[in-house]
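Keeping their order, the protein sequence lines are chains Y and C. When we follow my numbering, the leftmost residue of the first sequence carries the number 1, and every step to the right adds one. When we follow my numbering, the leftmost residue of the second sequence carries the number 1001, and every step to the right adds one. Don't be surprised by glycine CBs; every beta carbon is placed ideally from N, CA and C.
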Amino acid sequence: MRQFRAMNTEVAVAAPTLDDAAEHQLALQIASLFAETERRFSRFRDDSELGRLNRTTETVTASRALMELLGRARQHVTDTDGLFDPTIGAALCAAGYDRSFAAGTLDREASTTPADRAHFAELVIDEQARCVRRPPHIQLDLGGFLKGHTVDRAAALAPATAMIDAGGDAMLRGAGPDGAGWLVEVEDPGDATRVLATLRISDRAVATSAPNRRRWRAGRDTAHHLIDPRTRLPSTSDLAQVTAVAPTAEYADVLAKVAFLLGAAEGARFLAARPGIGGVLVARDGSRRVVGDLEVADA
Amino acid sequence: MTDRPRRATPRLGLSALELRLYLVAVLAGVYVLTFRAIGRGTGTSPSAPAAPSSVAALPAAIWLDQLPAAQRPAVVPPPGWRLASRGESAAASPALVPVVVRAPASRPLRVRTRSS
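If you want it as structure tokens, here you go:
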């Protein structure tokens, strides 16, 4: 197994059927893909394509890669009735998440105030001309969606049995080293040293959303990165964490986030209603619920 | 006995204070003129030492690959950094590839899913 840092997280690559040198070569390819994607689409880099789009209200010509990302984002926005919406960038900044996250660096005296209402449909996207125009109050943040998308692209480079794990958002190709499925431990959001459940997953992806790590002090409150587009404020969900299992890491990330915003009851219904999707929902009171299509190895 | 008429002493009509001020002004003028003459002389002096030709020929900065291989110093960038090529700027360069390392042997071949 090889690892490297990208997108402000640890990325691990394992391909048990490859020899050592070939696995290293694969990891280098994937590291390059992550670095390039981050350089182009991080909202924290002034020289990124997304950074330039977020700075101008002029119509800009977008790359094919950005157009593809916006097209996929639009499908998720529609599929989730707007609960997934990458136009929450301004709300994230208003909440204090205006630079790459590191523990303690976002702490501030001001409390969080909601940004102006924003919706993905306000972006003017001309797919034929590959042009995008952004209204002044909208800032794009591709965040976890971009990480999941990159995991999926990385997995496409890997052999039939491989694991690409970007800080817990992972694509698991094949049935793992023993053929019985890759083992996925669901971390306890209240105690990172504990595992709540272990899943067996084959040829699917997993992603987890929780406010326990990317959080900071905002006045007398605690803010976090899971913005509810309905309020443009950090979510006050009754959930502590949601893990979603889906065919792709991008989709798993979207589902985990949306189920978290919906809360325990609605979130469970949302995941269970989707064929081939599984989820582990952990409430703030510590209770947990497994929904959908999941094999739990132990709990 | 005849009295010779005494020659009248020429009088400048200056008081002692005026005389001192006059002398100070003259001396200051001489000082300034001398100082400027010395300054010009230094700047144009043909005897000013020239920089050694070997040093003057060296550019202020040089790319490593312009040096003969035998003279290149060993430069070891910190992990995650690399030496740039000539003409390469940070904005235009391809993204730097992160350092890939072998995962610790203690790390199990499984995923710990969490918010990150």
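With three or more CB-CB distances shorter than 8 Å, the segment 67 to 83 of chain Y counts as touching the segment 116 to 134 of chain Y.
Taking a Cβ-Cβ cut-off of 7 Å, residue 217 (chain Y) has no neighbours in chain C, whose nearest Cβ is about 18 Å from it.
Rounded to whole angstroms, the separation of the alpha carbons of residue 195 (chain Y) and residue 110 (chain Y) is 35 Å.
For residue 294 (chain Y), the CB contacts under 7 Å within the same chain, skipping 5 residues up- and downstream, are 199, 245, 278 in chain order. Classified as buried, residue 182 (chain Y) has 16 or more neighbouring CB atoms from the shown chains inside 10 Å of its CB. In the three-state reduction of the DSSP assignment, residue 171 (chain Y) falls in the strand class. Between residue 205 (chain Y) and residue 163 (chain Y) the beta-carbon gap is near 10 Å, outside 8 Å, which marks them as no contact. Taking a Cβ-Cβ cut-off of 9 Å, the neighbours of residue 1109 (chain C) in chain Y comprise 1, 14, 16, 163, 176, 177, 182, 183, given in sequence order. Here residue 145 (chain Y) carries a helix assignment [DSSP, helix/strand/coil]. In this structure, residue 38 (chain Y) places its C-beta atom within 8 Å of the C-beta atom of residue 6 (chain Y). Residue 10 (chain Y) is bridged by DSSP to Y:5. Residue 119 (chain Y): not part of any alpha helix (DSSP H); DSSP gives it neither H nor E. CA-CA distance, residue 285 (chain Y) to residue 1107 (chain C), rounds to 31 Å. For a cut-off of 8 Å, the C-beta gap from residue 153 (chain Y) to residue 161 (chain Y) is around 18 Å, too long to register as a contact. The beta carbon of residue 1113 (chain C) falls within 8 Å of a beta carbon belonging to chain Y, placing the residue at that interface. Going by DSSP, residue 209 (chain Y) is part of the beta strand (DSSP E) stretching over 204 to 209.
If you check the CB distance, residue 72 (chain Y) and residue 60 (chain Y) do not come in under 8 Å. Residue 1069 (chain C) and residue 1063 (chain C) have their C-alpha atoms spaced approximately 12 Å apart.
In this structure, residue 281 (chain Y) places its C-beta atom within 8 Å of the C-beta atom of residue 259 (chain Y). Comparing alpha-carbon positions, the option among Y:95, Y:215, Y:175, Y:142 lying closest to residue 43 (chain Y) turns out to be Y:142.
Per DSSP, reduced to three states, the secondary structure at residue 128 (chain Y) is coil, with no helix or strand assignment.
When the five nearest sequence neighbours on each side are left out, the beta carbons in the same chain lying within less than 6 Å of the beta carbon of residue 289 (chain Y) are those of 268, 281, in order along the chain.
Here the segment 214 to 226 of chain Y lies against the segment 94 to 102 of chain Y, with 3 or more beta-carbon pairs under 8 Å apart.
In the assembly as shown, residue 169 (chain Y) is a buried residue. Its beta-carbon has 16 or more other beta-carbons within 10 Å. For residue 1102 (chain C), the chain Y residues whose C-beta falls within less than 7 Å of its own C-beta are 2, listed in chain order. By the neighbour-count criterion, in which a residue is buried when 16 or more other Cβ atoms sit within 10 angstroms of its Cβ, residue 3 (chain Y) is buried.
Within the segment 211 to 240 of chain Y, those residues whose Cβ lies closer than 8 Å to any Cβ of chain C are, in chain order, 211, 212, 213, 214. Non-local C-beta neighbours of residue 74 (chain Y) in its own chain, meaning closer than 7 Å and more than five positions away in sequence, comprise 120, ordered along the chain.
The C-alpha of residue 298 (chain Y) lies about 38 Å from the C-alpha of residue 232 (chain Y). By the rule that beta-carbons nearer than 8 Å mark a contact, residue 1097 (chain C) touches chain Y. When DSSP states are grouped into helix, strand and coil, residue 87 (chain Y) belongs to the coil group. Less than 8 Å separates the beta-carbon of residue 138 (chain Y) from that of residue 90 (chain Y). For residue 201 (chain Y), there is no enclosing alpha helix (DSSP H); the enclosing beta strand (DSSP E) has its first and last residue at 191 to 201. For residue 166 (chain Y), the pairing in a beta bridge is given by DSSP as Y:11, Y:169.
Between the beta-carbon of residue 292 (chain Y) and that of residue 261 (chain Y) there is about 18 Å, and that puts the pair past the 8 Å contact cut.
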